[in-house]
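Engineer: FYI, full-length UniProt numbering numbers position 36 of the sequence shown as 36, with every residue one higher than the one before it. A virtual CB, placed ideally from N, CA and C, is assigned to each residue, including glycine.
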Amino acid sequence: MQTACSTSSQRLLQVSDNSNGPFLTSRYTRWNEKSMSCKKAAPLTRVPEVFQESFAVFQLSKVGACIVNSENKIVGIGYNGMPNGCSDDVLPWTRAAAHSLDTKYPYVCHAELNAIMNKNSADVKGCSMYVALFPCNECAKLIIQAGIKEVIFMSDKYHDSIEMTAARRMFDLAGIVYREFKPKCNKIIIDFNSINSRPSQKLL
């Protein structure tokens, strides 16, 4: 298996570069590829598998979230996207437009919401959430109400915004632990074809 790890910030998973129009579904990372890449990468890096899950489901805004229980088993996963039944190719993904209804913000569901809604257990009380970006105030409300006790985030680039400031305030009041995760490497290259390669020498 060929792998590589470096400090490059290059994104490996192909996503749409069209931030001013409909999302191109043909450029999604397919779920099968996402799942396989996570499982193949898990033994090869110190980055927790849950973070591999979170960042393997990037979309336009490149945000994924993953919920794990006390045994570090994944109980929910989600990424930012349009609501079920609402085509990503119809609703806008634009960040700025003359009218707010022509932007993505009135429609898109954040990764944290989807991870909670996609849970495969009765509840997520006492669980931890791994997420690409520090949660906004609306997602913070959901996290608190769901009973999640810890949030591990990769980036807090909107730290000074009103939404993030409010989120931290609510987390502090609710006793939610939040901390930044700093990976040892920022790039993992996975060769899917390596599974078909045969060793040069026979195994004894």
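F192 to C185, Cα distance in whole Å?
Structural biologist: When rounded, the distance between both Cα atoms is 20 Å.
Engineer: For G76, which option in K104, I143, N84 has the closest C-alpha, if you only look at C-alpha atoms?
Structural biologist: Ranking K104, I143, N84 by Cα distance to G76 puts I143 first.
Engineer: With DSSP run on the structure shown, which of helix, strand or coil describes K73?
Structural biologist: Note: K73 maps to coil in three-state DSSP.
Engineer: Put F153 into one of helix, strand or coil per three-state DSSP.
Structural biologist: Here F153 sits in strand by DSSP.
Engineer: Starting from L133, follow the beta strand (DSSP E) in both directions and report where the run begins and ends.
Structural biologist: It spans 128-133 - the beta strand (DSSP E) in which L133 sits, taken as one unbroken run.
Engineer: Looking only at DSSP bridge pairs, what is R179 linked to?
Structural biologist: Per DSSP, I152.
Engineer: To the nearest angstrom, report how far apart T103 and V90 are at their CA atoms.
Structural biologist: The alpha-carbon atoms of T103 and V90 are separated by roughly 12 Å.
Engineer: If you draw a straight line from the C-alpha of Y105 to the C-alpha of N196, how long is it?
Structural biologist: So the two alpha carbons sit approximately 44 Å from each other.
Engineer: Are the C-beta atoms of I143 and some chain B residue less than 9 Å apart?
Structural biologist: Protein chain content of the structure displayed is limited to a single chain, and chain B is not contained in it.
Engineer: For K141, which three-state DSSP category applies?
Structural biologist: Three-state result, K141: helix.
Engineer: Using a threshold of 9 Å, state whether the C-beta atoms of H110 and E138 are closer than that.
Structural biologist: Yes, these two residues count as a Cβ contact at 9 Å.
Engineer: Count the other CB atoms within 10 Å of the CB of C66; is the residue buried (16 or more) or exposed (fewer)?
Structural biologist: That one is buried.
Engineer: CB Y107 to CB P92, shorter than 9 Å?
Structural biologist: Yes, these two residues count as a Cβ contact at 9 Å.
Engineer: In the DSSP output, what is G64 paired with across the bridge?
Structural biologist: Y79, per the DSSP bridge assignment.
Engineer: Using beta-carbon positions only, say whether L133 and S155 come within less than 9 Å of one another.
Structural biologist: A contact, by the Cβ cut-off of 9 Å.
Engineer: Name, in chain order, the residues that DSSP records as bridge partners for C86.
Structural biologist: Bridge partners of C86: none, in fact.
Engineer: Between F181, N120, E112, which has its C-alpha nearest F153's C-alpha?
Structural biologist: When only C-alpha atoms are compared, the closest one is F181.
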